[in-house]
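Position 324 of the sequence shown, counting from 1, maps to 413 under this note's numbering, and the rest follow consecutively.
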Amino acid sequence: MKQSYDIAVIGGGLAGMTQALLLAQRGWAVACIDRERPETQTHENYDIRTTAISWGSRNVLTHAGIWQNLTDKAEAIRHILIKDEDSPITLDFFADDIDAEAFGWIVDNRDLRLALINALAEEQAFTHITGADVTNISNHDDRVSITLHNDTVITASLAIGADGRKSFTREAMGIGSWEKDYHQSAIVCLIDHDKPHNGMALEHFRHQGPFAVLPFTDTESDRHRSAVVWTVARDEAEQWLQCSDESFTAALQARCGDLYGSVTLAGGRAAWPLSVNKAYHYIGERTVLVAEAAHGMHPIAGQGLNMSLRDIAALTEVLETVKDPGDAEALKRYQSMRIADNLGMVIATDWLNTLFGFDFAGIRAARRFGLHAVARLPFAKKFFMKQAMGAAGNLPRMIREAA
Ligand SMILES: Cc1cc2nc3c(=O)[nH]c(=O)nc-3n(C[C@H](O)[C@H](O)[C@H](O)COP(=O)(O)OP(=O)(O)OC[C@H]3O[C@@H](n4cnc5c(N)ncnc54)[C@H](O)[C@@H]3O)c2cc1C
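As structure tokens, this is what we get:
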């Protein structure tokens, strides 16, 4: 293993690996360090979630050469149906209405990880350091020193913290963060169903938490499938994980109604505790935060990784303009490109979760008025559709432009 790199990415989850890949493709000598080994990260039980990759994020993955290997595993979202409790007022968004191919695509996290690991293995300028915990980060002589659990020290001109919500890098940089536990968990699973989903993503807001059903690829035997993200109170999650398949399926069927015909559980279930975090700033001396190390949010709008891919695209583009990747001005430019956009989405998802969590008559009525108004205002509908596509705001070039 080399000891010295241009850039060290700390944390090789979906975000860290994408960041490392884009930078290695630009000729930087990059190391990506993760405490897990690839065989653990790609084990079928490691992460059974799917991710809604927005239109803009698809562009980033295409630039990285990843999307080309995922197209036949990705299902397009062409219709979003919003429901509020048992209200008869619903809101429908159709990609056709804005002449878009799709709002986004649902991809299995395991397929995305495998595609990233395989692409990274092809990069000459890349070193994957796995099964290695980062235990210390320090700056000296224009380098950052990163100590691993076995006392190995590697150095880099820039350290990128992509080590998730409980980021060690953020702590080592002395950066504070706003954090809130939602005391909710998201139960995730795949379902088989009789009726085709026709590219529809259902977002059913319920005061216990949103219930989302996202279109997924049919099985080889042509069974229709969708991915469920079902938010429950934290203290109920264990009960839903432990109950029999029959009871769980009955609960899913009750929540899906007749939209999908008969529904059956297809595979395992898992729960993810939900919280929000936002670092107060993203940069230090030759160190920078991206993705969930900088901001983590409620999956209510399926935007966590999508916002992270905006960070990654922005940092990659900023580093294209410098010789020294630790250049302080470049890091400042990255921070100013990303901090407000991330804050906006953190606040929006926090408010949405709070607003739809209220079960008071007055607030229910106000929500219904809001849904009704958006449904009747073409410019408001267009605004929300562009947001869902990840095509709104001051975006990095890689997000705006298809490869
Ligand atoms: C239920 C659910 C559904 C979601 N759905 C969507 C969606 O539809 N669309 C979307 O855009 N987003 C979605 N998200 C968000 C998305 O899953 C996350 O943003 C993404 O997985 C986080 O990626 P990350 O790489 O930033 O962090 P992580 O996945 O947490 O990766 C961090 C990595 O760092 C490593 N690490 C940590 N500390 C150290 C250390 N000290 N030394 C070495 N390695 C370390 C860890 O092993 C890990 O591999 C969802 C989230 C949830 C919970």
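Note that CB positions come from ideal geometry on N, CA and C, so glycine has one too.
query                                                                                                                                                             : result
Quick check: is any heavy atom of ligand 1 less than 6 Å from the C-beta of residue 222?                                                                          : yes
Are the beta-carbon atoms belonging to residue 170 and residue 291 less than 7 Å from one another?                                                                : yes
Can you give the Cα-Cα distance for residue 247 and residue 214, rounded to whole angstroms?                                                                      : 15 Å
Under the rule that 16 or more other beta-carbon atoms within 10 Å means buried, what is residue 74, buried or exposed?                                           : Any property of residue 74 remains undetermined from this structure, which presents the chain solely from 90 to 492.
For residue 427 and residue 403, which I take to be in contact (beta-carbon distance under 8 Å), what is that distance rounded to the nearest angstrom?           : 5 Å
Determine whether the beta carbon atoms of residue 344 and residue 174 lie at a separation below 7 Å.                                                             : no
Note down, in chain order, each residue of its chain lying with its Cβ closer than 7 Å to the Cβ of residue 386, except the 5 sequence neighbours on either side. : 365, 392, 393, 434, 435 and 438
Do residue 275 and residue 388 have their CB atoms nearer than 7 Å?                                                                                               : yes
Indicate, with yes or no, if ligand 1 has a heavy atom lying under 6 Å from the CB of residue 252.                                                                : yes
Please check the pair residue 124 and residue 222, which I expect to be a contact at CB under 8 Å, by giving their CB distance rounded to whole angstroms.        : 5 Å
What are the boundary residues of the beta strand (DSSP E) that includes residue 315?                                                                             : 313-322
Say the cut is 6 Å; is the CB of residue 479 nearer than that to a heavy atom of ligand 1?                                                                        : no
Quick check on the DSSP output: the alpha helix (DSSP H) that includes residue 229 runs from which residue to which?                                              : Counting along the chain, residue 229 falls outside any alpha helix (DSSP H), though it belongs to the beta strand (DSSP E) covering 223-229.
Who are the near neighbours of residue 396 in its chain, counting only those whose CB is closer than 6 Å to its CB and skipping five residues on each side?       : 431 and 434
Less than 7 Å separating the beta-carbons of residue 104 and residue 380?                                                                                         : yes
Sorted by chain position, which residues of the same chain lie with C-beta nearer than 8 Å to residue 177's C-beta, five sequence neighbours on each side aside?  : none
Please tell me whether residue 352 and residue 293 are closer than 7 Å, where the distance is taken between their beta carbons.                                   : no
Where residue 267 and residue 160 are concerned, what is the direct C-alpha to C-alpha distance, given to the nearest angstrom?                                   : 37 Å
Suppose only complete runs of 3+ residues qualify. What are the beta strand (DSSP E) ranges in the stretch 357-433, listed by chain order?                        : 376-378
Closer than 6 Å to a non-hydrogen atom of ligand 1 - does that hold for the CB of residue 394?                                                                    : yes
Who are the near neighbours of residue 269 in its chain, counting only those whose CB is closer than 6 Å to its CB and skipping five residues on each side?       : 365
Restricting to runs no shorter than 3 residues, where is the beta strand (DSSP E) found entirely within the stretch 167-254?                                      : 168-173, 179-183, 193-197, 215-219, 223-229, 232-237 and 242-250
Are the beta-carbon atoms of residue 273 and residue 298 separated by less than 7 Å?                                                                              : yes
On the CB-based measure, 16 or more other CB atoms within 10 Å of its CB, does residue 191 come out buried or exposed?                                            : buried
Could you say which of 469, 487, 491 and 482 lies nearest to residue 180 if we only look at CA atoms?                                                             : 469
Across which residues does DSSP place residue 294 in a beta bridge pair?                                                                                          : 173
For residue 234, which residues in the same chain have their Cβ closer than 8 Å to its Cβ, ignoring the five residues on either side in sequence?                 : 225, 226, 227, 228, 242, 243 and 244
I need the boundaries of the beta strand (DSSP E) containing residue 305, first residue and last residue.                                                         : 300-305
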